[in-house]
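Q: This is the structure I want to talk about, given as C-alpha cells.
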Amino acid sequence: MTKPFPSFENPPVIETALGVQFSPLVGWGVPHFGLFWSTIRDEYPRFQVVSPLATEIEGFGEETFGKPSAKLELVTEPDVRCWFVHASDERLLQLQRDRFIHNWRRCSGTGAYPRYGSLRPRFETEWRRFLAFLSAEGLQEPQVVQCEVTYINHIDRGGIWDSFADLGKLLSAFSQDLDVDFLPPPETALLNLHFIMPNQTGRLRALLQHALRGTDGAETLQLTLSAKGRPTGSSVEDILAWLDRGREWVVRGFAALTTEAAHDHWGRTE
Amino acid sequence: MTTAMFQSEWVTPPVRGSSRRASSQWSEVIPIERSGWFVEMATAVLRLGKLEPNWDGSGSPPVSRVAIHQALRMLQAVALQEPPLPQVLPVPGGGVQLEWHVGGRELELEFLPDGLLVYLVVEPGTSPEEGQSQLPREDLVRNLVQRLARSTGP
Numbered sequence: 001m002t003k004p005f006p007s008f009e010n011p012p013v014i015e016t017a018l019g020v021q022f023s024p025l026v027g028w029g030v031p032h033f034g035l036f037w038s039t040i041r042d043e044y045p046r047f048q049v050v051s052p053l054a055t056e057i058e059g060f061g062e063e064t065f066g067k068p069s070a071k072l073e074l075v076t077e078p079d080v081r082c083w084f085v086h087a088s089d090e091r092l093l094q095l096q097r098d099r100f101i102h103n104w105r106r107c108s109g110t111g112a113y114p115r116y117g118s119l120r121p122r123f124e125t126e127w128r129r130f131l132a133f134l135s136a137e138g139l140q141e142p143q144v145v146q147c148e149v150t151y152i153n154h155i156d157r158g159g160i161w162d163s164f165a166d167l168g169k170l171l172s173a174f175s176q177d178l179d180v181d182f183l184p185p186p187e188t189a190l191l192n193l194h195f196i197m198p199n200q201t202g203r204l205r206a207l208l209q210h211a212l213r214g215t216d217g218a219e220t221l222q223l224t225l226s227a228k229g230r231p232t233g234s235s236v237e238d239i240l241a242w243l244d245r246g247r248e249w250v251v252r253g254f255a256a257l258t259t260e261a262a263h264d265h266w267g268r269t270e
Numbered sequence: 271m272t273t274a275m276f277q278s279e280w281v282t283p284p285v286r287g288s289s290r291r292a293s294s295q296w297s298e299v300i301p302i303e304r305s306g307w308f309v310e311m312a313t314a315v316l317r318l319g320k321l322e323p324n325w326d327g328s329g330s331p332p333v334s335r336v337a338i339h340q341a342l343r344m345l346q347a348v349a350l351q352e353p354p355l356p357q358v359l360p361v362p363g364g365g366v367q368l369e370w371h372v373g374g375r376e377l378e379l380e381f382l383p384d385g386l387l388v389y390l391v392v393e394p395g396t397s398p399e400e401g402q403s404q405l406p407r408e409d410l411v412r413n414l415v416q417r418l419a420r421s422t423g424p
C-alpha cells in the first residue's frame with residue numbers, strides 16, 4: 001500500500017524552483033531578454049544578469065559513465081542568464097537560451113510556504129506567457145529535454161540540532177550514534193546522495209550543506225532536494241505531469257531522509 | 271543615480287552552492303566547507319549588514335550588500351591559507367574594509383558599495399602600494415594575503 005503523502009504544518013522549505021530545460025532556441029539573441037522583460041516588467045520590475053547554467057542532462061548507465069566526448073559548438077551569442085525579480089521579492093523568473101525557471105523564496109519574517117498547489121499554476125501561467133512571447137516573435141516552440149523540481153530547506157542550528165553530533169536527530173541515515181570514544185563530533189558536514197527514479201525517468205539528488213544564510217547570517221543546514229528528468233513530450237501537460245512526479249519524489253524523499261523526531265518538530269500531519 | 275544602480279545590478283552574485291558552479295538556487299548562502307577561520311570572518315562581515323542608516327552618526331547609508339558579498343567571496347578565496355584574522359570594519363558610504371597589521375606589514379582591502387576593490391599594501395622599506403580592481407579578483411587577493419605570510423613565517 002502506498003504510504004500517505006507527507007505534509008507538514010511548518011516545513012523548513014525556504015525556496016522552490018520549478019523549471020524546464022530545452023534545446024537552445026534558434027534565433028534567440030540578447031535583445032530578446034529585453035523584449036521579454038518589457039512584457040512582464042509591471043510585475044517583475046528588477047533584473048540581474050548572472051552566470052549561465054551549464055547544459056546538464058541526466059544520463060543513465062553508459063550515458064553516465066561513458067567516455068568523455070569532445071563537442072564543437074559554434075557560439076555566435078554570449079551565454080547569458082537573466083533574473084527577473086517580482087515586485088513582491090518572493091518570486092523570480094530565470095531565463096536563458098535553453099532554460100526557464102520559476103522560483104519562490106521565503107522572505108525573512110513573512111509569508112508561509114505557499115504550497116505546490118499554488119506554485120504549480122503560477123509556473124504554468126508564466127510558462128504559457130513565455131510560449132506566447134516566442135510565438136509573437138516568430139521563434140520556435142521549445143523542445144523540452146528536461147524538467148526540474150527543487151526544494152531548498154533550512155534547518156537552523158539551535159532547533160533540532162546544536163552540534164554535528166546531533167545529525168542522527170535530523171537525518172535517518174545518521175540515526176546510528178557516532179563512536180564518540182574515538183571521533184570527536186564533526187566540525188562540519190557535506191552529504192550528497194543520488195537516487196534513480198523508476199524506469200530511469202529522472203534522478204533525485206539530495207545535498208546537505210553546512211552554511212551561513214546570506215540574509216541574516218544564521219548558521220544552518222541547507223538540505224536541497226532536486227529532481228530532474230525528461231518529460232514524455234514538450235506540451236504543457238507533459239511538463240506539468242513530470243513536475244508532479246518530481247515534486248512527489250522531492251517530498252517523499254525529504255520525509256524518507258529525515259527522522260520522525262524532525263517530522264514532529266515540523267508538525268507532520270500526514 | 272541611474273548609472274550607479276545599473277552597475278550594481280551587474281555585479282556577480284555571491285556563491286550559491288558547494289562549488290562555484292551556477293545553480294538554479296536564488297537564496298544566498300555561504301557554504302561552510304572550510305575552517306572555523308572562515309566561519310568567524312563570514313559572521314563578522316554579515317554582522318555589518320545589520321547596521322542601520324546613520325550608523326556612524328554622520329549620515330552614512332547601510333553597508334551595501336554588494337560590498338558584503340565581495341568581501342565574503344574574497345575571504346572564501348583565502349580561507350585555505352588561514353591568514354591571521356583581519357579586522358572587519360564598516361566604511362562610511364556603505365563599504366567594507368578588511369585590515370591586517372602583521373609584523374610591520376599592513377594590508378587594507380576596501381570593498382566599495384558598488385563592489386570595486388581598492389587595496390593598500392605597506393611593507394617596511396618600500397613605498398606604499400595602492401591599486402584597485404573592478405572585477406572579482408581572487409588571484410590578486412590571494413597574492414596580497416600571501417605577502418603577509420612572509421612576515422609571519424619562520
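Chains A and B, in that order, give the protein sequences.
One point on numbering: in this note's numbering, the residue at position 255 of the first sequence is 255, and numbering is uninterrupted.
For any residue, its number in this note's numbering is found by taking its place in the second sequence, counting from 1, and adding 270.
Think of the CB as a built atom: it goes at the ideal place given N, C-alpha and C, for glycine as much as any other residue.
Please name the residues in the region 308-320 of chain B whose beta-carbon is closer than 7 angstroms to at least one beta-carbon of chain A, in chain order.
A: 312, 313, 316 and 317
Q: With 7 angstroms set as the bound, which would you pick, yes or no: does the beta-carbon of residue 222 of chain A sit closer than that to a beta-carbon of chain B?
A: yes
Q: Using a C-beta to C-beta distance shorter than 9 angstroms, which residues of chain A count as neighbours of residue 292 of chain B?
A: Proximity of chain A to residue 292 of chain B at the Cβ level (cut-off 9 angstroms) is accounted for by 50, 51, 52, 53, 54 and 81, in chain order.
Q: Count the other C-beta atoms from every protein chain shown that fall within 10 angstroms of the C-beta of residue 30 of chain A, then say buried if there are 16 or more, exposed otherwise.
A: exposed
Q: Looking at the unbroken beta strand (DSSP E) that takes in residue 253 of chain B, where does it start and where does it end?
A: There is no way to answer for residue 253 of chain B, as the model of chain B reaches only from 271 to 424.
Q: Just verifying my parser: in three-state terms, what is the DSSP assignment at residue 116 of chain A?
A: helix
Q: Tell whether a beta-carbon distance below 7 angstroms holds between residue 253 of chain A and residue 204 of chain A.
A: Contact flag set, yes.
Q: For residue 147 of chain A, which of A/81, A/226 and A/174 has the nearest alpha-carbon?
A: Closest option to residue 147 of chain A, Cα to Cα, is A/226.
Q: Are the Cβ atoms of residue 167 of chain A and residue 174 of chain A separated by less than 7 angstroms?
A: A contact, by the Cβ cut-off of 7 angstroms.
Q: Could you list the residues in the region 91-115 of chain A with a C-beta less than 7 angstroms from some C-beta on chain C, going in chain order?
A: Structure shown: chain C not included; protein chains present are A and B.
Q: Just curious, the beta strand (DSSP E) that residue 86 of chain A is in, first and last residue?
A: No beta strand (DSSP E) holds residue 86 of chain A; DSSP gives it neither H nor E.
Q: Evaluate the contact criterion for the region 331-343 of chain B versus the region 216-231 of chain A: three or more CB pairs, one atom per stretch, below 8 angstroms.
A: no
Q: State buried or exposed for residue 107 of chain A, treating a residue as buried only when at least 16 other CB atoms are found within 10 Å of its CB.
A: exposed
Q: Find the residues of chain A that neighbour residue 296 of chain B, judging by a C-beta separation of less than 7 angstroms, and give them in chain order.
A: 15, 92, 103 and 105
Q: Identify the contact partners of residue 148 of chain A in chain B, using a Cβ-Cβ distance below 7 angstroms as the criterion.
A: 294
Q: Can you find a C-beta in chain B that's less than 7 angstroms from the C-beta of residue 188 of chain A?
A: yes
Q: Within its chain, find whatever has a CB closer than 6 angstroms to the CB of residue 66 of chain A; leave out the 5 residues flanking it on each side and keep chain order.
A: For residue 66 of chain A, the pLDDT reaches just 49, beneath the cut-off of 50, and the residue's location in the model is therefore unreliable, leaving the point undetermined.
Q: Rounded to whole angstroms, what is the Cα-Cα separation between residue 131 of chain A and residue 407 of chain B?
A: 39 angstroms
Q: Could you tell me the distance, in whole angstroms, from the CA atom of residue 196 of chain A to the CA atom of residue 202 of chain A?
A: 6 angstroms
Q: Taking all protein chains shown into account, do 16 or more other C-beta atoms lie within 10 angstroms of the C-beta of residue 126 of chain A, making it buried, or fewer, making it exposed?
A: Here residue 126 of chain A is buried. Its C-beta has 16 or more other C-beta atoms within 10 Å.
Q: Roughly how many whole angstroms lie between the Cα atoms of residue 350 of chain B and residue 138 of chain A?
A: Looking at the two C-alpha atoms, the distance is approximately 51 angstroms.
Q: If I measure Cβ to Cβ from residue 251 of chain A and keep anything under 6 angstroms in the same chain, skipping five residues before and after, which residues do I get?
A: Scanning its chain for C-beta atoms nearer than 6 angstroms, with the 5 sequence neighbours on each side dropped, one finds around residue 251 of chain A the residues 6, in chain order.
Q: Per DSSP, residue 152 of chain A is paired with what?
A: Residue pairing by DSSP puts residue 152 of chain A in a beta bridge opposite A/15 and A/224.
Q: Between A/270, A/262, A/152 and A/257, which has its C-alpha nearest residue 103 of chain A's C-alpha?
A: For residue 103 of chain A, the closest C-alpha among the options A/270, A/262, A/152 and A/257 is that of A/152.
Q: Counting only beta-carbon separations shorter than 7 angstroms, does residue 212 of chain A have a partner in chain B?
A: yes
Q: Residue 66 of chain A by DSSP, collapsed to three states: which one?
A: Any reading at residue 66 of chain A is ruled out, since the residue's pLDDT is 49, under 50, leaving its predicted position unreliable.
Q: Can you confirm whether residue 246 of chain A, when its beta carbon is compared against all beta carbons of chain B, has any partner nearer than 7 angstroms?
A: no
Q: Inspect the beta-carbon positions of residue 267 of chain A and residue 8 of chain A and report whether they are closer than 7 angstroms.
A: yes
Q: Can you tell me the Cα-Cα spacing of residue 346 of chain B and residue 308 of chain B, whole angstroms?
A: 7 angstroms
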